[in-house]
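Residue numbers for the sequence shown follow my numbering, beginning at 380 and rising by one.
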Amino acid sequence: MNKKVQAGAIPQELIDRINELAKKKKTVGLTDVERQEQATLRETYLAMFRENFRSHVEMLQVYDKNGKEVTPQKVIDIQRKRGLRDN
C-alpha cells in the first residue's frame with residue numbers, strides 16, 4: 380500500500396481492504412492479525428479523512444446574506460499563511 384496518491388485522496392485500495400475485512404468479520408470472523416490490520420487501516424483512513432476535511436474547510440470563504448465576508452479570523456490567518464489570500 381505504498382502507492383503515491385494525490386494529496387487528500389484516499390486510495391481505493393485502502394477502502395476496498397477495509398470493506399473486505401468488515402465483510403469477513405461479519406461472516407466468518409477475523410484472525411488476530413486481521414483485527415490488528417483492520418484497526419491500523421481504520422486509523423490510517425481516519426487520519427487521511429481528517430486531513431482532507433481540514434484542507435477543504437481551510438479553503439472556504441464564508442459570506443452573509445448581504446455578500447459581506449464573515450470567514451472566521453482563524454481561517455483567514457491560515458489562508459494567508461498558505462498563500463491563499465492576498466488581503
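Note that CB positions come from ideal geometry on N, CA and C, so glycine has one too. Please read these numbers as outputs of a predicted model, since none were measured by experiment.
Cα-Cα separation between residue i and residue j, rounded to whole angstroms
i    : j    : result
T419 : H435 : 24 Å
N445 : P390 : 40 Å
Q458 : V441 : 13 Å
E437 : V454 : 6 Å
N431 : V407 : 33 Å
E416 : E392 : 14 Å
D456 : K402 : 44 Å
Q452 : L425 : 27 Å
M427 : K447 : 33 Å
Endpoints, the alpha helix (DSSP H) within which residue i is located
i    : result
Y442 : Run containing Y442: none; DSSP gives neither H nor E here.
N431 : 411-438
E399 : 391-406
D456 : 452-460
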